[in-house]
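Scroll down for the structure; my scribbles are underneath it.
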Amino acid sequence: MPDLVNEFSWSRSRDGLFQECRRKYFYHYYGAWGGWEADAPEEARALYVLKQLSSRQQWAGKVVHEGIEWVLRALYEGRDLPEAWLVDETIRRMRREWKASNDRQYWTTPKSGGLFEHEHRIPVKPEDWQLLRDHVVRCLRNFYRLPLLADIRKTPRERWVLIEEIRAFDFEETPVYGAPDFAYWTDSDRLALVDWKTGAPDPDSSALQLGCYALYAREVLRVDPGRVELLEVNLRDSRVQAHPWDGGKLEEIRSHLQLSIRSMKAYLQDPAANRAAMDNFEKTEDLRICRWCNFRSVCRPDLP
Ligand code: SF4
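In the numbering used here, each number is its position in the sequence shown, counted from 1, plus 33.
Written out as structure tokens, the structure reads:
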């Protein structure tokens, strides 16, 4: 297999990290590079392990997203995954992963990830873990009851768009990771781009994310913004919100990406080789961000 190259790319989460703290961005995208190798330098290995940590809410969201992906994949192959089976399997999986994380196994198998709370020994009451489990189960149950799922089920499979085949698309020579969770052509011949949400709404972040989906539709599927329906599905309360879209908004997203990419590259020592030097990436002064940062033990070990 050829060596992996740390190629510059763009995503909404990368943009968010860059805005949050430049040093955190450096650790995540440059310092941790190669840390998955068993013989990686100690610092890269540690940064990679820390990079892979999730908060328990992020973990819950990931578990729900993957459960939904199983259901849709099975439907695509003509099989139905019963709700009770999915819920049981998901709870079993959560127990397994929670235990592995609590045992800090992610230090030996970092790709599997672990929980920020376990790494930093943050006490979480048993009833809070129970609430998290209930939240995941509620999201999955709500998913099965969505009228949108009934609509997807009756849509011929050739009108589904298989997102997993395209993870990144090209935007002015930069690979962009920003495909929607699911897409299909509706009865009225519009392209529905679906985003599953499990957490509290964040209008700014959602607008950028959905905008990237519209860009994906334009750049990859060659569909005009006027024919696109952006659907934000909040699985906590089964709310589906449609976001109107048009060419003007798409231009705003393009400008945002151009500016963001330019700003990130301006920090690089060698933009053509995507090479970065840590000292160019300043630490945030806002210690509230540090408190929940995966890299705090390396970057600000004295933080209480
Ligand atoms: S600990 Fe604070 S300064 Fe350091 S990387 Fe994290 S957020 Fe940035």
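Ideal Cβ positions, reconstructed from N, Cα and C, are used throughout, including at glycine. Please read all numbers here as calculations on a predicted model, not as lab measurements.
Three-state secondary structure (DSSP) of residue i
i	result
Thr188	coil
Ser157	Note on identity: in this sequence residue 157 is Val, with Ser being the wrong assignment. It is coil, neither helix nor strand.
Phe314	coil
Met34	Note that Met34 scores 48 on pLDDT, short of 50, meaning its location in the model is unreliable and no value can be drawn from it.
Phe59	helix
Glu262	strand
Arg223	coil
Glu53	helix
Check: residue i C-beta below 8 angstroms from any heavy atom of ligand 1
i	result
Tyr60	yes
Cys172	no
Phe328	yes
Asp285	Per the sequence shown, the amino acid found at residue 285 is Glu instead of Asp. The answer is no for Glu285.
Leu336	yes
Ile155	no
Arg47	no
Glu53	yes
Arg272	no
Arg316	Looking at the sequence shown, residue 316 is not Arg but Lys. Because some heavy atom of ligand 1 lies under 8 angstroms away, the Cβ of Lys316 counts as near it: yes.
Proximity to residue i [Cα-Cα], best of the options
i	options	result
Ala79	Arg47, Lys144, Gln242 and Asp312	Lys144
Lys84	Gly280, Glu130, Leu50 and Tyr109	Leu50
Arg171	Ile294, Tyr139 and Ala93	Ala93
Arg295	Thr207, Leu224 and Trp103	Thr207
Glu130	Ala65, Trp162, Pro234 and Val194	Trp162
Leu248	Leu283, Asp222, Asp214 and Arg55	Leu283
Val97	Val331, Arg126, Leu264 and Tyr300	Arg126
Ala240	Leu173, Pro213 and Phe176	Pro213
Glu262	Glu70, Asp279 and Leu165	Asp279
Lys132	Pro115, Glu152, Leu114 and Ser221	Glu152
Whole-angstrom distance between residue j and residue i, CA atom to CA atom
i	j	result
Ala216	Ala250	10 angstroms
Lys187	Leu108	10 angstroms
Gly146	Ala77	16 angstroms
Gly259	His276	12 angstroms
Glu160	Glu315	39 angstroms
Arg45	Arg128	30 angstroms
Phe41	Tyr63	10 angstroms
Arg192	Ile185	9 angstroms
Met34	Gly67	Low local confidence applies: a pLDDT of 48 at Met34 is under 50, so the model's placement there is unreliable, and no value is given.
Asp303	Glu285	28 angstroms
Thr123	Val169	9 angstroms
Val331	Pro337	13 angstroms
Arg55	Val104	38 angstroms
Val82	Gln138	10 angstroms
Leu148	Trp69	17 angstroms
Proximity of residue i and residue j at Cβ, strictly below 9 angstroms
i	j	result
Arg47	Met311	no
His61	Asn327	yes
Leu243	Leu226	yes
Phe202	Val194	no
Cys89	Val157	Looking at the sequence shown, residue 89 is not Cys but Arg. For Arg89 and Val157, yes; Cβs fall inside 9 angstroms.
Phe59	Ala305	no
Trp140	Leu290	no
Lys230	Leu268	yes
Contact test: residue i Cβ vs ligand 2 heavy atom, cutoff 8 angstroms
i	result
Leu37	Within the structure as shown, ligand 2 is missing, the only ligands being ligand 1.
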